[in-house]
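Residue numbers (the working numbering): 4 to 182.
Ideal Cβ placement from N, Cα and C applies to all residues, glycine included.
The block underneath contains the structure these notes are about, expressed in structure tokens.
As structure tokens, then:
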């Protein structure tokens, strides 16, 4: 349990140092474009469907996104994090999604786009670790000006810092609690 607390603290510290107020927030150095994020299964501000939680199918939900064309776009990253009354958790990090991609189907964590990477999240699992506790769940899509260049098995804070440093656009869909 202490290791999880240290990991979350390290992640939050990495983003604070990179000019980001939350896991990955608005960069102070760059003008960040907006991405519209939607899902055929999720509604902003509504409960997370049981199927995408530890109480159901445990699969990652489908996501769609769109933004203005960005000439510098080189890749996409998806970060799912949750916050409850006692802790913040990173549930999924998918990175190096091709910049031309505009959606992921259901359960993309089990069958990710070719060439992508998935980070080891707060729980220690690689891939989607479905939320379990009541709280808020943020599904954030980032457009990056480069690929996330990390070695296999890189620590979560290193991957998240690279995402923060390379973000040129961001959008989010937030679910609250679980059905």
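- Taking a C-beta distance under 9 Å as the contact criterion, residue 136 and residue 153 do not qualify as a contact pair.
- Collapsing the DSSP output to three states places residue 173 in a strand.
- In this structure, residue 81 sits near residue 100, with a CB-CB distance shorter than 9 Å.
- Ranked by Cα distance from residue 39, the options 89, 68, 95 are led by 68.
- Between the C-alpha atoms of residue 73 and residue 119 there is a straight-line separation of about 20 Å.
- DSSP places residue 39 in the uninterrupted beta strand (DSSP E) bounded by 36-41.
- For residue 142, the uninterrupted beta strand (DSSP E) run begins and ends at 139-147, by DSSP.
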